[in-house]
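Residue numbers (numbering that gives the first Met the number 0), protein chains in the order written: chain E, 0 to 140; chain Y, 0 to 292.
Even glycine gets a Cβ: it sits at the ideal position worked out from N, Cα and C.
Here is the structure we will look at.
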Amino acid sequence: MSIKVKIVSPEKVMFSHDADMVVMPGTEGDIAAMPDHAPLMLTLRGGVVDVYEGAAVTNRFFVAGGFADMAPTHCTILADRALRVEDLSVDDAEARLEGLEKSYEAADKMNVPALDILMGKIQSARAEIEAAQSAVPISSI
Amino acid sequence: MASLKELRARIGSVKSTRKITSAMKMVAAAKLRRAEARAAAARPYADAMRRMLAEVGRSVAGQGGQPALLTGTGQDRVHLLIPMSSDRGLAGAFNSNINRTTRNLVLKLQAEGKTVKILPVGRKTYEFLSRDFSDLIIDHRHLAAGKEIPFSAATELGEQITALLEKGEFDVCTLVYNRFRNVMTQTPTEMQLVPLALPENDNADAGDVAAYEFEPDEGTLLTSLLPRNLQVQIYATMLETAAGENGARMTAMDNATRNAGKAIDGLTLKYNRTRQTNITNELIEIISGAQAV
Numbered sequence: 000m001s002i003k004v005k006i007v008s009p010e011k012v013m014f015s016h017d018a019d020m021v022v023m024p025g026t027e028g029d030i031a032a033m034p035d036h037a038p039l040m041l042t043l044r045g046g047v048v049d050v051y052e053g054a055a056v057t058n059r060f061f062v063a064g065g066f067a068d069m070a071p072t073h074c075t076i077l078a079d080r081a082l083r084v085e086d087l088s089v090d091d092a093e094a095r096l097e098g099l100e101k102s103y104e105a106a107d108k109m110n111v112p113a114l115d116i117l118m119g120k121i122q123s124a125r126a127e128i129e130a131a132q133s134a135v136p137i138s139s140i
Numbered sequence: 000m001a002s003l004k005e006l007r008a009r010i011g012s013v014k015s016t017r018k019i020t021s022a023m024k025m026v027a028a029a030k031l032r033r034a035e036a037r038a039a040a041a042r043p044y045a046d047a048m049r050r051m052l053a054e055v056g057r058s059v060a061g062q063g064g065q066p067a068l069l070t071g072t073g074q075d076r077v078h079l080l081i082p083m084s085s086d087r088g089l090a091g092a093f094n095s096n097i098n099r100t101t102r103n104l105v106l107k108l109q110a111e112g113k114t115v116k117i118l119p120v121g122r123k124t125y126e127f128l129s130r131d132f133s134d135l136i137i138d139h140r141h142l143a144a145g146k147e148i149p150f151s152a153a154t155e156l157g158e159q160i161t162a163l164l165e166k167g168e169f170d171v172c173t174l175v176y177n178r179f180r181n182v183m184t185q186t187p188t189e190m191q192l193v194p195l196a197l198p199e200n201d202n203a204d205a206g207d208v209a210a211y212e213f214e215p216d217e218g219t220l221l222t223s224l225l226p227r228n229l230q231v232q233i234y235a236t237m238l239e240t241a242a243g244e245n246g247a248r249m250t251a252m253d254n255a256t257r258n259a260g261k262a263i264d265g266l267t268l269k270y271n272r273t274r275q276t277n278i279t280n281e282l283i284e285i286i287s288g289a290q291a292v
């Protein structure tokens with residue numbers, strides 16, 4: 000028994016395959032999609048999505064926030080931006096983080112929703128740096 | 000009658016025009032293929048987004064305090080128009096269709112006593128509209144800086160629209176773009192972005208009635224889905240515009256190449272006739288000269 004997993008970015012379908020379990024970073028904590036999971040829609044924070052086949056991680060993706068649609072037979076992840084963890088670059092992410100922190104300093108501190116969005120982006124950039132630094136070939140996991 | 004030399008020059012110039020138009024046609028065809036592939040690649044995200052939005056929308060239906068992106072400001076006074084054209088011309092009526100539709104829409108809204116603001120996307124429509132409506136244009140953008148349209152282009156425009164809405168700068172936002180029917184046909188279409196008509200759920204009658212749960216909750220999910228959905232819709236129209244532009248250019252250049260071929264045939268015929276006449280004249284002169292001796 001497996002679920003159809005799809006990881007989609009606005010530009011293209013990143014990954015589409017059957018898997019036994021997908022662990023994804025929800026805004027309120029990590030959550031796993033497994034067969035026969037109750038239908039659930041959630042928002043994602045920046046972080047790493049692990050695709051499991053059996054007990055082994057077969058694919059790892061970094062997503063910079065987004066949404067997920069879980070159902071008993073399928074799981075669709077709508078990522079704002081998705082990359083294979085192997086393709087991440089620490090330098091890019093650090094440059095992005097620096098830019099974001101600058102705009103956070105300059106931002107209007109009274110505009111709470113805008114600040115929240117910015118905080119989310121900063122968190123996502125930090126998670127990207129972390130994921131990029133810890134990127135190791137899948138075989139050694 | 001034109002001299003042989005002039006005719007030769009004209010044939011030569013039409014021939015080189017034909018070379019250019021047929022090369023442009025080839026380039027447009029290649030670009031069209033790529034643009035169509037990108038539009039197709041972007042569709043799954045938009046479909047999934049629509050499904051989620053329908054689901055969330057169904058569960059919050061009837062509740063108060065919904066985001067302005069969904070309900071609008073409750074007024075219908077200030078209209079924001081976003082015409083979307085290509086950056087380059089030579090694509091037949093592709094851009095002038097957008098310009099004409101936008102112009103008519105502006106005049107219609109103004110006749111109804113509404114305030115109109117315009118945010119053109121694409122160089123061609125900006126240039127056209129700034130002639131007649133330069134005081135209505137609040138900002139403008141190019142369709143694509145480089146070769147490919149990145150999603151960030153749609154994100155920026157979407158964020159700008161959201162910010163304008165929050166500041167109460169407009170009540171209704173309409174996008175005017177060319178819907179890509181096929182390579183030959185692109186139809187100017189108006190699409191209302193704000194307030195948004197929630198999509199119907201396709202699986203509603205497929206017996207798929209399992210109630211979804213939402214995390215963190217419907218309201219929060221909806222507030223973050225809506226701006227994203229706006230960007231996705233804008234992105235889809237941008238890709239469609241890119242595909243349509245190349246389709247229209249391909250068709251236009253195909254016609255131009257054919258017309259150039261016809262012009263060359265006509266000119267060649269005229270050239271040969273003139274040449275023949277000249278030879279005949281010379282012969283007559285020689286013969287009558289010989290007879291006179």
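Scanning its chain for C-beta atoms nearer than 6 Å, with the 5 sequence neighbours on each side dropped, one finds around Val21/E the residues Val4, Ala32, Val50 and Cys74, in chain order. Proximity of Tyr176/Y to chain E, defined by a Cβ-Cβ separation below 9 Å, is not satisfied. For the segment 11 to 31 of chain E, the residues whose beta carbon sits under 7 Å from a beta carbon of chain Y are, in order, Lys11, Val12, Gly25, Thr26 and Glu27. Those residues of the segment 64 to 78 of chain E placed with their C-beta closer than 7 Å to a C-beta in chain Y are Phe66, Asp68, Thr75 and Leu77, ordered along the chain. Sorting Leu156/Y, Asn177/Y, Ile81/Y and Leu221/Y by C-alpha distance to the C-alpha of Val105/Y places Ile81/Y at the top.
Legend: CB atoms of the segment 128 to 153 of chain Y lying less than 7 Å from CB atoms of chain E belong to residues Phe150. Annotation for Ala47/Y: no beta strand (DSSP E) segment contains it, though the alpha helix (DSSP H) segment containing it runs Leu3 to Val59.
Contact between the segment 89 to 99 of chain Y and the segment 245 to 255 of chain Y is present, with at least three C-beta pairs closer than 8 Å. Residues of the segment 22 to 41 of chain Y with a Cβ closer than 8 Å to any Cβ of chain E, in chain order: Arg37, Ala40 and Ala41. Your pair Asp131/Y and Arg102/Y checks out as a contact, with CB atoms roughly 7 Å apart and the cut at 8 Å.
Spatial neighbours of Gly46/E in its own chain (CB-CB distance under 6 Å, excluding positions within 5 residues in sequence) are listed in chain order as Pro24 and Ala126. Scanning the segment 79 to 106 of chain E for uninterrupted alpha helix (DSSP H) segments of 4 residues or longer gives 89 to 105, listed from N- to C-terminal end. Counting only Cβ-Cβ distances below 9 Å, Val55/Y has contacts in chain E at Met40, in chain order. Judged by beta-carbon spacing, Leu68/Y lies within the 9 Å limit of Pro226/Y, meaning their Cβ atoms are closer than that value.
Runs of beta strand (DSSP E) with 3 or more residues, each lying fully within the segment 34 to 76 of chain E, are found at 39 to 52 and 55 to 69, listed in chain order. Within the segment 77 to 109 of chain E, Leu77 place their CB atoms closer than 7 Å to a CB of chain Y, listed in sequence order. In chain order, Gln65, Glu217, Gly218 and Leu221 place their CB closer than 8 Å to the CB of Val59/Y, counting only its own chain and leaving out the 5 sequence neighbours on each side. If you check the CB distance, Asn181/Y and Met83/Y do not come in under 9 Å.
In this structure, Ile2/E lies near Thr72/E, with their beta-carbon atoms less than 9 Å apart. The beta-carbon of Pro9/E is placed less than 9 Å from the nearest beta-carbon of chain Y. At a cut-off of 9 Å, the C-beta of Lys3/E has no neighbouring C-beta in chain Y.
Note that the segment 33 to 41 of chain Y touches the segment 9 to 16 of chain E; at least 3 beta-carbon pairs, one per stretch, sit closer than 8 Å. For Ala196/Y, there is no enclosing beta strand (DSSP E), since its DSSP letter is neither H nor E. Proximity of chain Y to Ala124/E at the Cβ level (cut-off 9 Å) is not reached, the minimal Cβ distance being about 15 Å. Apart from the 5 residues on each side of it in sequence, Leu39/E sits with its Cβ closer than 7 Å to the Cβ of Met69 in its chain, given in chain order. The beta carbons of Ala78/E and Val48/E sit closer together than 9 Å.
Within chain Y, Glu212 have C-beta atoms less than 7 Å from the C-beta of Ala37/E, given in sequence order. Interface annotation for the segment 111 to 126 of chain Y against chain E: empty, criterion Cβ-Cβ distance under 9 Å. No residue range can be given for Glu10/E, since it is assigned to no alpha helix (DSSP H) and is classified by DSSP as neither H nor E. Val21/E is bridged by DSSP to Ala32/E and Val50/E.
Apart from the 5 residues on each side of it in sequence, Pro187/Y sits with its Cβ closer than 8 Å to the Cβ of Asn96, Ile97, Arg99, Thr100, Val175, Tyr176, Asn177 and Arg178 in its chain, given in chain order. If you draw a straight line from the Cα of Ser21/Y to the Cα of Ile76/E, it is about 44 Å long. Sequence-ordered contacts of the segment 84 to 104 of chain Y with chain E are nonexistent [C-beta pairs closer than 9 Å].
No Cβ of chain E is located within less than 9 Å of the beta carbon of Gln65/Y.
Under the criterion of beta carbons closer than 8 Å, Ile263/Y and Val13/Y qualify as touching, at roughly 5 Å. Under a criterion of Cβ atoms nearer than 9 Å, no residue of chain E is adjacent to Val59/Y; the nearest Cβ is some 12 Å distant.
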